[in-house]
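A quick write-up on the structure given underneath.
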Amino acid sequence: MRALLRALVLLLGPLLGAVPPAQAQAPLIADLDDHLIAITTGFAGADVLLFGTTDGPGDVIVVVKGPVDNVDVVRKERVAGIWINRKSLGFQNVPAVYMTASSKPIEDLLPEPLRASYQMGIPNIRIVPVDPADPELGEFSAALIRNKQASGLFAPQPARILFIGDRLFRVNLRVPSSVPTGTYLAEVYLVREQKVVGVQTTPLVISKIGFGADIYDFAHRHGAAYGVIAVLVALFAGWLAHLAFRRR
Amino acid sequence: MTWASAVLDWFLGLQIYLPIAEVALNVFLLLGLGAGVGMLSGLFGVGGGFLLTPLLIFVGVPPAVAVATQSNQVVASSVSGVLAHWARGNVDFKMGAVMLAGGIGGSSLGVIIFTVLKELGQIDLFIAVAYVITLSSIGILMAIESANALARTRRPNRLPTKLHQHNWAQGLPFKMRFRKSRLYISALLPAGIGFVVGIMSAIMGVGGAFLLVPAMIYLLGMATSAVVGTSLFQIIFVQSWVTFWQANNNQTVDILLALILTIGGVVGAQMGGRLGARLPGEQLRFLMAIMILVTAGGMLYELVATPADPFTLVIGGY
Numbered sequence: 001m002r003a004l005l006r007a008l009v010l011l012l013g014p015l016l017g018a019v020p021p022a023q024a025q026a027p028l029i030a031d032l033d034d035h036l037i038a039i040t041t042g043f044a045g046a047d048v049l050l051f052g053t054t055d056g057p058g059d060v061i062v063v064v065k066g067p068v069d070n071v072d073v074v075r076k077e078r079v080a081g082i083w084i085n086r087k088s089l090g091f092q093n094v095p096a097v098y099m100t101a102s103s104k105p106i107e108d109l110l111p112e113p114l115r116a117s118y119q120m121g122i123p124n125i126r127i128v129p130v131d132p133a134d135p136e137l138g139e140f141s142a143a144l145i146r147n148k149q150a151s152g153l154f155a156p157q158p159a160r161i162l163f164i165g166d167r168l169f170r171v172n173l174r175v176p177s178s179v180p181t182g183t184y185l186a187e188v189y190l191v192r193e194q195k196v197v198g199v200q201t202t203p204l205v206i207s208k209i210g211f212g213a214d215i216y217d218f219a220h221r222h223g224a225a226y227g228v229i230a231v232l233v234a235l236f237a238g239w240l241a242h243l244a245f246r247r248r
Numbered sequence: 001m002t003w004a005s006a007v008l009d010w011f012l013g014l015q016i017y018l019p020i021a022e023v024a025l026n027v028f029l030l031l032g033l034g035a036g037v038g039m040l041s042g043l044f045g046v047g048g049g050f051l052l053t054p055l056l057i058f059v060g061v062p063p064a065v066a067v068a069t070q071s072n073q074v075v076a077s078s079v080s081g082v083l084a085h086w087a088r089g090n091v092d093f094k095m096g097a098v099m100l101a102g103g104i105g106g107s108s109l110g111v112i113i114f115t116v117l118k119e120l121g122q123i124d125l126f127i128a129v130a131y132v133i134t135l136s137s138i139g140i141l142m143a144i145e146s147a148n149a150l151a152r153t154r155r156p157n158r159l160p161t162k163l164h165q166h167n168w169a170q171g172l173p174f175k176m177r178f179r180k181s182r183l184y185i186s187a188l189l190p191a192g193i194g195f196v197v198g199i200m201s202a203i204m205g206v207g208g209a210f211l212l213v214p215a216m217i218y219l220l221g222m223a224t225s226a227v228v229g230t231s232l233f234q235i236i237f238v239q240s241w242v243t244f245w246q247a248n249n250n251q252t253v254d255i256l257l258a259l260i261l262t263i264g265g266v267v268g269a270q271m272g273g274r275l276g277a278r279l280p281g282e283q284l285r286f287l288m289a290i291m292i293l294v295t296a297g298g299m300l301y302e303l304v305a306t307p308a309d310p311f312t313l314v315i316g317g318y
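Chains as they are written, first to last, in full-length UniProt numbering: chain A, 1 to 248; chain B, 1 to 318.
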């Protein structure tokens, strides 16, 4: 019970803004070089450095997950020669982004049941189908993962964590340009002898910033006012154009 | 002054992130598209929206955003157009107002249809099909008409066909006199035309001049001098209405994209207008018909060709 509580505090501490107990015996300390990624008008993806130390030799696994959402997987079918969106299956709890990193191949570090319980590796992500009885579920979940990988949001291969000596580690996490906004979590696990001996979670906030973000926000919050402004701007632009090109 | 510098950054940087479309596109590509289509519209005397929307879809703007934004851009181009026609006294405001009454009703229905289709996940398909059908029919009609006109110019002694027939439409109630159009007809006719074109223009994001102008000439028999100015006049109001409801219901109007297209468009239209004055009309119309048919063919291909992956994801679904 105490161990569970301790794990919970370690897991949630940074999220709640509490300072994790900085005792010397903490087996694992990890952090990101930047906890905020701003998507501006010229955003082309970003690199985030995750680094930390362990209290001795061991291996490290990192799982980064974006905010979860519902996703519909829609299949086009040919109807009378035209490709039309027909069948659609819903999935819940789909992370917007999923990346892993490890110092050795994850399969060598932990047995499958543990990997499954920590959702390590794409097949272990706990995606919940809305209709688990659908006969074509397999095809649709494969399409979900394939599309996520194609858009760069699910990393097919784990990134390589580098150790400096046997205590200091670092890994570069590549954030693709198409990332959705929200609060991401990087879970860092210290592994020894096929067991997880330390966990730390650290948040990463990705948000839109700048003029473009303001416009998007305004359009979605005040649709009517946005519409009026759009019309007025167009009327004014048309009048200006007329003035500029009037035959003298 | 951060906004001013942000605006400056956009114009210096090649890629511009369109906040509503949520894609980054090259600003010169967009200006070029606006200018190219504006030039065609100056050359041929139509709005060009029916070409610009498919082109925007080709370069990666989501169809729903392309359509709604195009409505916004049409407002700007119609204002500058109508002011020029007004100065020459070529706007029949009474006719425009009657058509507008129908147009508001039709476009409201069009936006509702648009919203329902968007929720059903079929809006992209519907837009593409609507374009393929209208573009190919208009393209074919224009090609035949201009080919005939070209043939006629070689045999100049043939008489032009009768402009408007006297038929069942003469019996409709609510007759009104339209002085500038030189017509005495039932108000139901222009209102009905406005209604039908209103539906189409809301769904397709076009001003509808390419539908209105032939309808006004061939169905109503309006005096040709007032046709373009009057259609532009009512398009301003219908498209302002559509823009408002698209923004309110669907959040698909990208002001930034509309502005860039407008800038390109007005410059292009001036160039096109000057060029068009020096070129023969029938050849121009024939060229235009070919271009419309090519666009229709491109859209048809997208509908029919086997997609690379038949599956797509809708985030935040159902």
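For each residue, glycine too, the CB sits at the ideal point set by N, CA and C.
Whole-angstrom distance between residue j and residue i, CA atom to CA atom
i	j	result
B/Gly48	A/Gln92	43 Å
A/Ile229	A/Ala80	43 Å
B/Ser5	A/Pro135	55 Å
B/Ala269	B/Gln70	16 Å
A/Ile209	A/Glu187	26 Å
B/Leu100	B/Gln239	10 Å
B/Ala64	B/Ala202	11 Å
A/Leu240	B/Ser181	29 Å
A/Leu162	B/Val23	35 Å
B/Trp3	A/Phe211	7 Å
A/Pro123	A/Gly138	12 Å
B/Ile217	B/Gly89	18 Å
B/Gly103	B/Ala215	14 Å
B/Ala209	B/Ser41	11 Å
Residues near residue i in its chain [Cβ-Cβ closer than 6 Å; skip 5 each side]
i	result
B/Val61	Ala21
A/Asp33	Leu49
A/Ser151	Ser178
B/Val98	Ala187, Pro190, Ala191
Cβ shell of residue i (< 8 Å), same chain only, five flanking positions each side left out
i	result
B/Ile140	Ala289, Leu293
A/Pro113	none
B/Gly150	For the record, residue 150 of chain B in the displayed sequence is Leu; it is not Gly. Taken in chain order, the residues that qualify are Glu282, Gln283, Phe286.
Contact set between residue i and chain A, taken where Cβ atoms lie within less than 9 Å
i	result
B/Ile255	Ile215, Ala219, Tyr226, Ile229, Ala230, Val233, Ala234
B/Ile315	Asp69, Asn70, Val71, Asp72, Val94, Ala96, Pro180
B/Ser201	Those within 9 Å of B/Ser201 in chain A number zero; the least Cβ separation is about 15 Å.
B/Ser107	Those within 9 Å of B/Ser107 in chain A number zero; the least Cβ separation is about 13 Å.
B/Ala84	His242, Phe245, Arg246, Arg247
B/Val228	Near B/Val228 there are no residues of chain A at all, since even the closest Cβ is about 15 Å away, more than 9 Å.
Min CB distance residue i to chain A below 8 Å
i	result
B/Gln70	no
B/Thr262	yes
B/Phe244	yes
B/Gly121	yes
B/Ser41	no
B/Ala35	no
B/Leu219	no
Close beta carbons around residue i, own chain, < 7 Å, minus the five adjacent residues each side
i	result
B/Val79	Ile236
B/Val253	Ile20, Ala68, Thr69, Asn72, Thr243, Gln246, Ala247
B/Glu302	Ala128
Where residue i falls, given that 16 or more other Cβ within 10 Å makes a residue buried
i	result
A/His220	exposed
A/Glu77	exposed
A/Gln157	exposed
B/Gln251	buried
B/Thr224	exposed
B/Ile16	buried
A/Gln200	buried
A/Pro132	exposed
A/Thr183	exposed
7 Å Cβ cut-off: residues of chain A touching residue i
i	result
B/Pro307	Lys76, Trp83
B/Asp270	This sequence places Gln at residue 270 of chain B; Asp is not what is there. The answer, in chain order, is Phe245.
B/Val61	Under the 7 Å cutoff, chain A gives no residues; its nearest Cβ is about 15 Å from B/Val61.
Contact set between residue i and chain B, taken where Cβ atoms lie within less than 7 Å
i	result
A/Phe154	Within 7 Å Cβ-Cβ: nothing; A/Phe154 doesn't reach chain B, min ~11 Å.
A/Ala237	Ala76, Leu259, Thr262
A/Phe211	Trp3, Ala6
Contact with chain B by residue i, beta-carbon distance below 8 Å
i	result
A/Leu144	yes
A/Ala26	no
A/Leu45	Reading off the sequence, residue 45 of chain A comes out as Gly, not Leu. Closer than 8 Å: no.
A/Ala80	no
A/Phe169	no
A/Ala241	yes
Chain B residues whose Cβ lies nearer than 8 Å to that of residue i
i	result
A/Gly223	Ala247, Asn248, Asn249, Gln251
Partner residues on chain A for residue i, Cβ-Cβ distance less than 8 Å
i	result
B/Ile20	Ile215, Tyr216, Ala219
B/Ser240	Val231, Ala234, Leu235
Contacts that residue i makes with chain B (C-beta to C-beta distance below 9 Å)
i	result
residue 249 of chain A	This structure does not reach residue 249 of chain A, given that chain A is present from 1 up to 248, and the question cannot be answered.
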